[in-house]
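In this text, residue positions in the sequence shown follow my numbering: the first is 148, and each later residue adds one.
Backbone N, C-alpha and C fix where the C-beta goes; we use that ideal spot for every residue, glycine too.
These notes concern the structure reproduced below.
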Amino acid sequence: MDPELEAFIPLLPRTDLTDPVAFRKIYAELAGARPAPDAAGLEVEDRTVPADPGVPVRVYRPRQAQSAVVWLHGGAWVVGDLDTERNWAVPIAELSGAVVISVDYRLAPEHRFPAALDDVYAVLTWAHEHAAELGIDPDRIAVGGHSAGANLAAAVALRARDQQGPPIRLQVLNEVILDDRQRTWSARNFTDTPWNTRAVRAAAWGHYLGSRPVTPYAAPARADDLSGLPPAYIATAEFDPNRDEGIEYALRLLQAGVPVELHQWPGTFHGSLAIQSAEVSQRQLAELGAVLRRGLAG
């Protein structure tokens, strides 16, 4: 493991999803304890996207931005909000030069699948329809996220393709969870890695799905046909149960004729990017910004 990251492992609280409300409090306190990122170069605005119910978003606008990314926070579909996501949204906006639309989608288990996906699809549609108001090109909108947020990005790309919905220029999938079956080598062998364990994955899927049948919109790895999807950037962490399903999805996209950039980051673990002082984390964040800047160029 990367020595800079390894030094932090004893300080990390264990993820416990048995009591979602209690863990949300811990997660919010952990995020709130970090210094607020400097957003002085951005215009930041809270909006509510009309839907049933309305979806809160926070819009981060760099100067002269002409493109956008609908950005979806991680947190096992159970935790996370606009405030906890600021430490991702601000640097991504600054590094990419794109408008970042951070989405406060509904959380499980109070709101199970497909509530979060419906929220994300509503925001994607709104961003496309209100592109002129947002000052962006409607054909230069990406979707992206981390972990469960990346799952939602992959799922909304499938849904937009199937329903002839808004065009998506790029999907950015960071440490994505795609498969409820836990059958890959990494899912079976990385049972007690930092942040993300076999038990955490099982609890997350349980909260998200409940007793609902699993469809490709919940677990995109189950999709039979990946053709016609937007180009993808997929980043995986070496010590992450999600690693192999991300790599397998990248290969399947390539085999379906979809352009893919795949980066497997050695020495990292799930969510280690939150340790932004580490050199490898700074490189990961810079690459996310560069990928969006390049993928959304006119």
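Report the rounded CA-to-CA distance for residue i versus residue j, giving the unit in angstroms.
| i | j | result |
| --- | --- | --- |
| W332 | G244 | 37 Å |
| R348 | P285 | 35 Å |
| H220 | N234 | 11 Å |
| V196 | R253 | 13 Å |
| R441 | L317 | 10 Å |
| R330 | L189 | 43 Å |
| T344 | A334 | 8 Å |
| S428 | R259 | 32 Å |
| F386 | P182 | 27 Å |
| A346 | T338 | 8 Å |
| A269 | P256 | 20 Å |
| T272 | P313 | 6 Å |
| L299 | D266 | 10 Å |
| N321 | P167 | 23 Å |
| F237 | D185 | Looking at the sequence itself, residue 237 is Val, so the reference to Phe does not match. So the two alpha carbons sit approximately 8 Å from each other. |
| I422 | T231 | 14 Å |
| P150 | P388 | 20 Å |
| V246 | I283 | 8 Å |
| L305 | R161 | 33 Å |
How would you call residue i, buried or exposed, if buried means at least 16 neighbouring beta carbons within 10 angstroms?
| i | result |
| --- | --- |
| A212 | buried |
| R390 | buried |
| P341 | buried |
| G393 | buried |
| L325 | buried |
| D193 | exposed |
| G201 | exposed |
| T165 | exposed |
| L398 | exposed |
| P413 | exposed |
| A187 | exposed |
| G296 | buried |
| P367 | buried |
Tell me whether residue i sits in a helix, a strand or coil according to DSSP, three-state version.
| i | result |
| --- | --- |
| L227 | Looking at the sequence provided, one finds Gly at residue 227 rather than Leu. Coil, per DSSP. |
| F170 | helix |
| T272 | helix |
| P203 | strand |
| Q431 | helix |
| A215 | strand |
| R210 | coil |
| E232 | coil |
| L159 | coil |
| L164 | coil |
| L189 | strand |
| R181 | coil |
Exercise for the section: Taking 8 Å as the threshold, find out whether the stretch 200-209 comes into contact with the stretch 148-159 through three or more Cβ pairs. Expected result: no
Exercise for the section: Spell out a yes or no on whether the stretch 422-437 and the stretch 235-242 are touching, meaning 3 or more CB-CB pairs, one atom from each, closer than 8 Å. Expected result: yes
Practice task
Decide if the stretch 271-281 is in contact with the stretch 371-385; the criterion is three or more beta carbon pairs, one per stretch, under 8 Å apart.
Solution key: no
Handout entry: Completely contained alpha helix (DSSP H) runs for the stretch 356-414, where each covers 4 or more residues
Key = 390-402
Practice task
List in chain order: all unbroken beta strand (DSSP E) runs of 3+ residues lying wholly within the stretch 247-329.
Solution key: 288-293 and 317-321
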